[in-house]
Structures are given as structure tokens and as C-alpha cells.
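Inspection log for the structure reproduced underneath, given as C-alpha cells.
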Amino acid sequence: MASLVLAEHDNKKLSDATAKTVAAASAISTPVHVLVAGQNCGAVADAAAKITGVEKVLVADDALYAHMVAETMETLILSLADKYDAILAPATTNGKNILPRVAAKLDVPQISEIIKVVSPDIFERPIYAGNAIQTVETKLPKKIITVRITGFKSPGEGASATIEKISPAADPGTAKFVGETLSRSERPELTAAKIVVSGGRGLGSAENFKLIEKVADRLHAAVGASRAAVDAGYVPNDYQVGQTGKVVAPDLYLAVGISGAIQHLAGMKDSKVIAAINKDEGAPIFQVADFGLVADLFQALPELDQELAKRGR
Amino acid sequence: MKVLVPVKRVIDFNVKVRVKSDQTGVDLANVKMSMNPFDEIAVEEAVRLKEKGTVSEIVVVSIGPAQASETLRTALAMGADRGILVKSDGEVEPLAVAKILKAIVEEEKPELVITGKQAIDDDSNQTGQMLAALLGWGQGTFAHKLELDSGSAKIEREVDGGLQTVEVKLPAVMTTDLRLNEPRYASLPNIMKAKKKPIAEKTPADYGVDVTPRLKVLKVTEPAKRQAGIKVKSVSELVDKLTEAGVI
Chain A
1 MASLVLAEHD NKKLSDATAK TVAAASAIST PVHVLVAGQN CGAVADAAAK ITGVEKVLVA
61 DDALYAHMVA ETMETLILSL ADKYDAILAP ATTNGKNILP RVAAKLDVPQ ISEIIKVVSP
121 DIFERPIYAG NAIQTVETKL PKKIITVRIT GFKSPGEGAS ATIEKISPAA DPGTAKFVGE
181 TLSRSERPEL TAAKIVVSGG RGLGSAENFK LIEKVADRLH AAVGASRAAV DAGYVPNDYQ
241 VGQTGKVVAP DLYLAVGISG AIQHLAGMKD SKVIAAINKD EGAPIFQVAD FGLVADLFQA
301 LPELDQELAK RGR
Chain B
1 MKVLVPVKRV IDFNVKVRVK SDQTGVDLAN VKMSMNPFDE IAVEEAVRLK EKGTVSEIVV
61 VSIGPAQASE TLRTALAMGA DRGILVKSDG EVEPLAVAKI LKAIVEEEKP ELVITGKQAI
121 DDDSNQTGQM LAALLGWGQG TFAHKLELDS GSAKIEREVD GGLQTVEVKL PAVMTTDLRL
181 NEPRYASLPN IMKAKKKPIA EKTPADYGVD VTPRLKVLKV TEPAKRQAGI KVKSVSELVD
241 KLTEAGVI
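Line by line, the protein sequences are chains A and B. So the first sequence is numbered by this note's numbering: it starts at 1 and just counts up by one. So the second sequence is numbered by this note's numbering: it starts at 1 and just counts up by one.
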């Protein structure tokens, strides 16, 4: 029949997570349609129409969808569900918030955070914080799936899909958006950055985290953190890399003062190259690092900054 | 106000998980089991609301094997009032769990259901949202902070870009994230007291729910292992290696 992919965006810009989800959808059921729900989100729809493999973009442009509140998104997706045998969303906080509601109302189980499409009915997904991989098969007529985007490559731009406006669905009136505090940053987005520099408990304070930021800025990298650093209040929650935070797979992941708890490794072990700086030679992070430096980070980080500067970075 | 807190018995978060050699799952024999850490946060939040006088009764429910009664006892020792054990030996998929919980909600009529955002075994992150949808309720997932008003709740949520606040009408479902609170350890006197608190035993059939899995797990395997690389001696050697690898 066809797949429907829920677009991830902020009303202005389409997230790369959408294209990667289209890649997964293309391997499950074609043609692929993308649903852009938002407010004044025309530019997002235009961007979605260019993703290779997309046949049609459905746009629900209404104040009701400005913040993709799950309760309103549920009725919108359900109003379209009949026409699709697969409905997918990237496993972002939006996708995770919205899609299980759709699955429940359609009375089908959801398959969460797939990392591979083995066949249109068979998928791989990590369980136990990535310590095991489950291969799961569905024979049901509908598939509701969230996609861990690090498992898929963006298909690129090459399409010129039709864009169709659709009417908003009923507002159940059970929830409304009140406000948000977003971390504003000039740095690249954590899940899309080519380089991520992450700090852990070893940094010791929010003030010291500036050492991480300095090196990150020199490398045009995103800044990440371990759960311990977030829990200690050094950085906001959206910096957290790990099974329950963000899952990243950059070209380079530089872990500084991070011991390497299983939970954290689950969020970064698919990075192309992992480098680690830690003063504890026995830290588990060194078991996954391609390059390890046993050193005091308070000496190593300024030195790294200078070394990079010296080499014109 | 009555609060319902669903809790799951899972492998303890400190245990190193081993995949069984026949690829049928992970080895749970003689392994320490505990309450799902996110559910502990849910119990704690409910207990704090009770201590503030906002909540009058906390009912905890667990769907699982007979030993899940131990998980319920832990919640009772933390301050919950009574438990419901829905006995089921095999895997119960999140949708079936949500259906059982819906039936319990219809009997118990809580104004708020608080549960963990995901269980650390199957990492599904579905049950709370599914329950809210089946009930036609609002939801506040990945909760960072809860403020209860009369008839509604403001829930601050941990989202990809930072924090977002939603207002949900009560009754509603809330799922907890890591930083909502720090769960207490139950004191010895409270553990003793918990032994006298009631736990009702039920089965999925009592709620008319078929828990036969609808997805088929073909196999469970070890993830691809990363080889440990090399140790470098200095920062400049590290920069050399990263440059050679073409990543900076």
C-alpha cells in the first residue's frame, strides 16, 4: 500500500531525522508520503518534498499543530491511517510521545526504535540499553514503527513530490501547550553533528564545562554530556547522550571525563571514531575507544585547544 | 485524589546482561531483579504528593510473574497503600499491559496514573502513551516537574530541544523521566509495615485481556562488539591520529 512518515521539524526547518526515517519507510512499503503538521510550516513542506523517495507531502498547517501536542497529533494521524500499511516516525521525543497513541487506537503493537529493516516484516531493535539486539517479526496488516535514525542514511535530495494541504482533525481538548525553554545554541545539533565533544562527571562543575565548549567550538562540534554530568546540573538535560537520552553516531565522538557506563555507551557506540580522555586507565570507555589518552582532563583540554589552534583549527 | 502507579519487575540496572547462546533471549536465571528505575521515580512522586496531602491513596499495580509481588512490596515500603498483582508468566507486550491497566483504571477511578517512561528491559517507551490513548486522556510524558491544580496538571517535560510545559486535564497519565525526583530508600520499619499491606491477586483474564504476544521475536543476539583501539601518549599524538583518521 504506502508508508506515512511523520516529519520532525520546528515549523521553520526540517530535521534530517525525517529523511532518515524516509529511508527506513522506503524499505518497508512504498510509495512514501510525509506528514508535515505544524503552523506556518510551508518551508518545511518544501524541504520534505525534495527528499529522495517521497511521493507526496501532506501538510496540516494549523495553530493546533504548532507544538505537535500528542493528543491532537493522534486524531490527525488516525484520520489518515486507513490509507497506509506502515506509519513511521523518527524516535525523537515527538515521535516517542505521539506514535504509541496511534498504535493503541489502531489496536496494533508498536515496534520501537528500529535500527535495521531486515525485510518489510522483520526488524532489528536494541533492547536492554543496547546490550542485546532483538529481531522481531510482524504479520499484522498495520505497522507502527519508530526509527532510531543513527541506523539509517539520509537518502539525499532528488524528488519533487506533490504538496497537498489537509484539514485539521478534531481537537480532543485534553491537553495544551503552555511554554518551552529551549537551549539556544549556535553549535550544530547534537544528533546531526559530524563531531561531538562530550563531558562527564570528571569535569566537576558547570564552570569547568566551558573547557569542553571551547574545544567543541574550535572543531565546530556539538556538545554532549553523560547522565552523571546532567544529573549534577553541569549542563541541561537535552545534552544527555545515552540510552535514555540522545543516540548519536558522529564521525568523531570525543569523550572527556566520562567513565563509560553501559547506559552512555548505548548512546554513542555507533560513532565512526571514538576518542577518550580519562585519568582512570581502567575506565570502561577505553574498551570502546579507538584512541585513548590517559591524562588529567584539566591539563589535556587546554593543551588540546592549543594544539588544534596551532594546526589552524 | 487517588493515584495509580504501574510498576514493572526488571533485571537490576547494575547487572551485566548476557544474551543466551540459543538466541532466545537474555539470561534471567539467578539474576538480581528490581523495580524498573523509572517506575521507582513514579512511586516516589506519588508518595511525595501523599505527604503533601494532595493524594489520599496510592494503588500500585504490577503485571508479571508471582515474584512481581516483591516489586509491589518495595513500592508499598516506599509509601504506597495497596497493591494489585496481575499474574502472567510470559512476556506481556506494552499494548496488552495498557489494556489491563485501562480495565484497572475503570475499576479504581484514579485521577492520575504515574508510571516510568520506559522499562529498562524492552526499552519500548509505549505503555503510558497507549494507556492515555485507550482512555481518551491527556498525557505528560518524560516528566521533569509536576504541578497539580484543581482539575488540571502542568507537566514540564524533557524534550529534544530542552524543556516543554503542557497542561493536561485530569484525569491524566504522566510518565517519569530521570530528573523528576530522587527515589528514597525504604526504611526498615516501613519494610516491616509493608508486609501487612494488602496485595490483590488477579489474572489478565479477570480483565478480559488476551496477553498472547502479537509480535514474534525471531532471535536475540549480541550487538556487534567494538574493538578497543590504541592508547596514545600525548595530546599531540591524539591530534595526529584523529587527523590521520580524517575526522578532524
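A virtual CB, placed ideally from N, CA and C, is assigned to each residue, including glycine.
Judged by DSSP in its simplified three-state form, A:D61 adopts strand. Secondary structure note for A:E307: it is in no beta strand (DSSP E), and the uninterrupted alpha helix (DSSP H) holding it is 297-310. Sixteen is the threshold: when 16 or more other Cβ atoms of the shown chains lie within 10 Å of the Cβ of B:K8, as they do, the residue is buried. Close to chain A, meaning a Cβ-Cβ distance shorter than 8 angstroms, are the following residues of the stretch 219-230 of chain B: K219, V220, T221, E222, P223, R226, A228, G229, I230.
Sorting A:G260, A:K50, A:V136, A:V196 by C-alpha distance to the C-alpha of A:A7 places A:K50 at the top. Contact annotation for A:R227 against chain B: L178 [CB-CB distance below 9 angstroms, chain order].
Residue burial is scored here from C-beta neighbours: A:G179 has fewer than 16 other C-beta atoms within 10 angstroms and is therefore classed as exposed. For A:I133, the nearest beta carbon of chain B is closer than 8 angstroms to its own beta carbon. When secondary structure is reduced to three states using DSSP, A:A255 falls in the strand class. Burial state of A:G173 is exposed, judged by a 10 Å Cβ sphere holding fewer than 16 other Cβ atoms. Nearest Cα to B:K32 within the set B:E70, B:E45, B:S124, B:V59: B:E70. Counting the other CB atoms within 10 Å of its CB gives B:Y185 a total below 16, which places it among the exposed residues. Residues of the stretch 162-174 of chain B with a C-beta atom less than 9 angstroms from some C-beta of chain A are G162, L163, Q164, T165, V166, E167, V168, K169, A172, listed in chain order.
Under DSSP, the beta-bridge partners assigned to A:P126 are A:I133.
For B:T141, at least one C-beta of chain A is nearer than 8 angstroms to its own C-beta. Linking B:D206 to B:D177 through their CA atoms gives a straight-line distance of about 31 angstroms.
B:P189 is classed as exposed because its beta carbon has fewer than 16 other beta carbons within 10 Å across all chains shown. Below 8 angstroms, too few C-beta pairs join the stretch 290-299 of chain A and the stretch 86-101 of chain B to call them touching: fewer than three. Within chain A, no residue has its CB atom less than 8 angstroms from the CB of B:V43, the nearest being about 18 angstroms off.
Residues of chain B whose Cβ lies closer than 8 angstroms to the Cβ of A:L308 are, in chain order, V239, I248. Close partners of A:Q287 in chain B (Cβ separation under 7 angstroms): A228.
Note that the C-beta distance between A:V32 and A:G53 is below 8 angstroms. Legend: CB atoms of the stretch 6-20 of chain A lying less than 8 angstroms from CB atoms of chain B belong to residues D10. Remark: C-beta atoms of A:A129 and A:I212 do not approach each other more closely than 8 angstroms.
Taking C-beta atoms as the reference points, A:G257 and A:G292 fail to come closer than 8 angstroms. The DSSP assignment places 222-225, 252-256, 273-278 as complete runs of the beta strand (DSSP E) inside the stretch 212-279 of chain A, in order along the chain (cut-off: 3 residues). Taking a C-beta distance under 8 angstroms as the contact criterion, B:Q23 and B:K219 qualify as a contact pair. Under DSSP, B:I199 takes part in a beta bridge, and its partners are B:G83. Contact annotation: in the stretch 120-136 of chain B, residues whose CB is within less than 9 angstroms of a CB in chain A are I120, D121, D122, D123, S124, N125, Q126, T127, G128, Q129, M130, L131, A132, A133, L134, G136.
For B:L112, the closest Cβ of chain A is not nearer than 8 angstroms.
At a beta-carbon threshold of 8 angstroms, the residues of chain A lying near B:K216 are V136, E137, T138, K139, ordered along the chain.
Where B:V209 is concerned, there is no enclosing alpha helix (DSSP H), because DSSP gives it neither an H nor an E. When the five nearest sequence neighbours on each side are left out, the beta carbons in the same chain lying within less than 6 angstroms of the beta carbon of B:T74 are those of M35, in order along the chain. Only H67, V69, A70, E71 from the stretch 52-73 of chain A bring a Cβ to less than 8 angstroms from some Cβ of chain B.
For B:D149, the closest Cβ of chain A is not nearer than 8 angstroms. Taking a C-beta cut-off of 9 angstroms against chain B, the contacting residues of the stretch 78-109 of chain A are A91, T92, T93, N94, K96, N97, I98, L99, P100, R101, V102, A103, A104, K105, D107, V108, P109, listed in chain order.
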